[in-house]
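Here the working numbering is used: the first residue of the sequence shown is 1, the next is one more, and so on. Just so it is clear, CB atoms sit at the ideal spot from N, CA and C, and this is done for glycine as well.
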Amino acid sequence: MGDWESIFRKKGKVFHKPAPGFREFLRLLKNHDVKRVLDLGCGTGRHSLGLAKAGYEVHSCDISRTGVKMTKAWLGEYGLKNKSRIFSCYEKFPFKDGFFDAVLSTQVIHHNYHDKVLFCIREITRVLRPGGLAFITVAARKTGYRSHDAKKVAPHTYIPLDGPEKGLPHFIYNKTLMRKDFKGFRILELELDKGFHIWMIGIKR
1 MGDWESIFRK
11 KGKVFHKPAP
21 GFREFLRLLK
31 NHDVKRVLDL
41 GCGTGRHSLG
51 LAKAGYEVHS
61 CDISRTGVKM
71 TKAWLGEYGL
81 KNKSRIFSCY
91 EKFPFKDGFF
101 DAVLSTQVIH
111 HNYHDKVLFC
121 IREITRVLRP
131 GGLAFITVAA
141 RKTGYRSHDA
151 KKVAPHTYIP
161 LDGPEKGLPH
171 FIYNKTLMRK
181 DFKGFRILEL
191 ELDKGFHIWM
201 IGIKR
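See the structure below:
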């Protein structure tokens with residue numbers, strides 16, 4: 001199974017630039033009375049840094065202890081602080097209902113079977129206040145994987161046969177599935193990025 005703890009230890013900051021859609025998300029935060037933001041699956045901190053620079057109270061969470069430590073260190077280089085937790089997004093989040101004004105999660109929640117992904121979406125919805133903003137990006141491929149790249153194990157679900165995410169289930173989204181699974185949100189933006197990623201900005205109903 002893909003092990004991001006090992007990846008972060010070996011390669012350090014794997015991602016530096018913000019994900020497509022992040023700047024649009026930042027602009028929207030200003031108009032929605034946002035103070036507290038959850039960065040779910042923060043990695044090494046590229047989005048936590050941007051949020052902290054913008055003045056938000058950032059809660060940086062990841063399953064990788066190394067990623068969480070690197071996030072805190074990266075913010076520290078700019079004299080910024082965050083709050084952090086180590087947990088899997090497929091278990092109950094350690095936060096009260098409606099605790100956050102906004103949640104973002106980039107290229108994280110699709111790394112499992114659909115039932116687990118749906119559980120994560122329910123938890124995102126639970127910890128977000130009504131009217132709160134969500135920015136979510138997931139994997140999307142127009143034609144699925146080629147047979148020698150990954151094994152199809154369930155509808156829309158593939159397991160890569162090689163690479164850093166070898167053995168890790170991927171639930172592959174399209175726009176129709178995004179609208180269905182995020183029915184608890186009024187979707188403001190839903191974009192397909194070069195056929196490999198979908199990003200969504202929505203408001204919790």
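Does the beta-carbon of residue i have 16 or more other beta-carbons within 10 angstroms, so that it is buried, or is it exposed?
i    : result
P130 : exposed
T137 : buried
S64  : buried
S105 : buried
P155 : exposed
L75  : buried
M1   : In this prediction, M1 has a pLDDT of 39, which is less than 50 and means its spatial position is unreliable; what the coordinates show is noted afterwards. Exposed: under 16 other Cβ atoms inside 10 Å.
F15  : exposed
L161 : exposed
G163 : exposed
H110 : buried
Tell me the DSSP secondary structure of residue i in three-state form.
i    : result
V127 : helix
E191 : strand
T137 : strand
A102 : strand
H110 : coil
A52  : helix
H16  : coil
F185 : strand
R27  : helix
I86  : strand
K152 : strand
R9   : helix
K81  : coil
T176 : helix
I'd like the list of long-range same chain contacts for residue i, defined as Cβ closer than 6 Å, with 5 residues on each side in sequence excluded.
i    : result
H59  : L38 and K83
S153 : Per the sequence shown, the amino acid found at residue 153 is Val instead of Ser. Once the five neighbours on either side are set aside, the close Cβ partners of V153 are I159.
Y56  : V37
E189 : I201
E191 : W199
Residues in its own chain within less than 8 Å of residue i by CB, not counting five upstream and five downstream?
i    : result
F182 : I121, A134, I136, M200 and G202
F196 : A139, A140 and R141
T157 : Y113, H114, P169, H170, F171 and I172
L50  : The sequence shown places Gly at residue 50, not Leu. Only P18, F22 and L26 meet the Cβ criterion.
K35  : Y56, E57 and D101
For my contact list, residue i and residue j are in at a C-beta cut-off of 8 Å; report their separation, rounded to the angstrom.
i    : j    : result
V108 : I124 : Rounded, the Cβ-Cβ distance is 10 Å, inconsistent with contact.
R250 : R179 : Since the first residue shown for the chain is 1 and the last is 205, residue 250 is missing from the structure and cannot be characterised.
K53  : L29  : Actually they do not touch by this definition, with Cβ atoms about 12 Å apart.
N174 : A140 : 6 Å
H47  : P18  : 6 Å
Which one or two residues does DSSP pair with residue i in a beta bridge?
i    : result
R36  : E57
F171 : T157
M200 : I136 and L190
D62  : I86
Say the cut is 7 Å; is the CB of residue i nearer than that to a heavy atom of the ligand GTP?
i    : result
V138 : The ligand GTP is not part of the structure shown, which contains no ligands of any sort.
Here's a check: name, in chain order, each residue in its chain whose Cβ is nearer than 7 Å to the Cβ of residue i, leaving out the five neighbours to either side.
i   : result
K72 : N82 and S84
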